[in-house]
Structures are given as C-alpha cells and as structure tokens.
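Colleague: Numbering (the working numbering), first residue to last: 100 to 325.
Note that the Cβ used here is the ideal one computed from N, Cα and C, for glycine as well.
Remember, predicted model here, so these are calculated numbers, not experimental data.
Mind looking over this structure? Questions follow.
Written out as structure tokens, the structure reads:
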C-alpha cells in the first residue's frame, strides 16, 4: 500500500504558504472581548494580533470582517486595527451575522484572493468562527481554524466547537505554527520576519534564544583565553 497516497486522500500535505493561503479574521471586536472566558484576554489579543501581523509580513491573502461598528459588539481591537493599516474591513449587516459567506461582499473578497486555503480566526469559536468555517467547506475551500486566536464565552463552548469543526474536516492550527510554515517558503529563507514576530509576541522564546547565544559567546571567550 502506498501510505503517502492514502495520507494525501485524507489531508493535503502541501505546505501552507502565503501564495496558497488567505487569513480570515472574523469579528475581533471590543464588545465581544468583555464576555470571553475560554482564554486569557491578553493572550487572546496577542495571538490574534500576531496572526494578523504574520499575514501582513509574509503577504498572504487577508480578508477582515466585522459586524456593524454601531452595534454593541463595537469596532475591532485597536491592536488589530494598528497592524491592518489601510486594509479594508468588510462590515456585515445583522442579517449576515454568523456565516460570513452569506455576505456577498465577504464571499467576493475571499474569491478575489484566489487562494484555496482559508485560515480562520476570530470570535466566537462557537458562533461566527464555526459557521464561517463550515461555510468555507461548503464553498469548496480547505479550512483551518487558529485554535489560539479564537475564543468563546466558556471553555466548554470553545472546545465543543473545535471538536465539531475537526469532525467536519476543518484542520486545527496555531498562529505561531502558521508563521513557522510561512517562513519555510524558500522566498523567506533569509527574511527577518520570524525573529520580528518572536521578539514581539513570543518573549519567553526570544529570551531563551538570547540566553543560549550569550552562553555560547561566553564559552567561546573562555576557550580563546585558555
């Protein structure tokens, strides 16, 4: 039996790259942040912002949507807005609330990116993220959910939604894993993007690296003087 062929039938093993991936951000709004209980809010915001910056640095597709800013959910996180710059935000009407693909402007924006893989993050895991991910599958896209850049009002709601998505064919991923996979693209072999993301969003990992290099430098100095 050709195990590689059998595996390919289950999952596309082609690496995620900026050329074949669109990052989709759904409803990262300040009003929703007040009701999140599945994740630490500071970590959630950091992860969502890290994902957004990953898309911007590597130049993947990027589609951003939010509900009407005048609604209680309000505008998007300021941290996200700062990274987005002049990136357009598709404002969905209440009638298109859950499955973003029901909004023609959103669906057109995703199609315009001309990439088959959608990496989805936002709020809430069991609401708009779930329904948008299922909508992506119905539209024929490969769908991925960024499990550490989504959140819900309870851990149970988050966990069950992730389980349902996985059982439906959505692939779980983390934002830092995506950044690492983008960095593997040969176009970015010498790019400083991963180090930049690490310094801003993975401080413990950056400090560990600095500790290692400081120790190596000290050992080399000792060796040279002996």
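1. Could you pull out every unbroken alpha helix (DSSP H) segment of at least 4 residues lying fully inside the stretch 206 to 247, listed in chain order?
2. Which of helix, strand or coil does DSSP assign to residue 266?
3. Where DSSP assigns a beta bridge to residue 112, which residues make up the other side?
4. Just to confirm my understanding: we take residue 145, look at its own chain, exclude 5 residues before and 5 after, and list those with CB closer than 7 Å. What are they?
5. CB-CB under 7 Å to residue 117, same chain, minus the five flanking residues each way: which ones, in chain order?
6. Just to confirm my understanding: we take residue 190, look at its own chain, exclude 5 residues before and 5 after, and list those with CB closer than 8 Å. What are they?
7. Who are residue 191's beta bridge partners in DSSP?
8. Output yes or no for whether 8 Å exceeds the beta carbon distance between residue 125 and residue 227.
9. Tell me where the alpha helix (DSSP H) around residue 148 begins and ends.
10. If you compare alpha carbons, which of 262, 133, 217 is closest to residue 237?
11. By how many angstroms is the C-alpha of residue 151 removed from the C-alpha of residue 182?
12. Does the contact criterion of 3 or more C-beta pairs under 8 Å hold for the stretch 204 to 222 versus the stretch 238 to 247?
13. Should residue 128 and residue 174 be called a contact, given that it needs their Cβ atoms to be closer than 8 Å?
14. Identify every residue that forms a DSSP beta bridge with residue 260.
15. Tell me the rounded alpha-carbon separation between residue 210 and residue 303.
Modeller: For this structure:
1. 229 to 237
2. helix
3. DSSP output for residue 112 lists no bridge partner at all.
4. 300
5. 157, 158, 159, 281, 284
6. 164, 165, 166, 167, 168
7. 166
8. yes
9. 140 to 157
10. 217
11. 7 Å
12. yes
13. yes
14. DSSP output for residue 260 lists no bridge partner at all.
15. 38 Å
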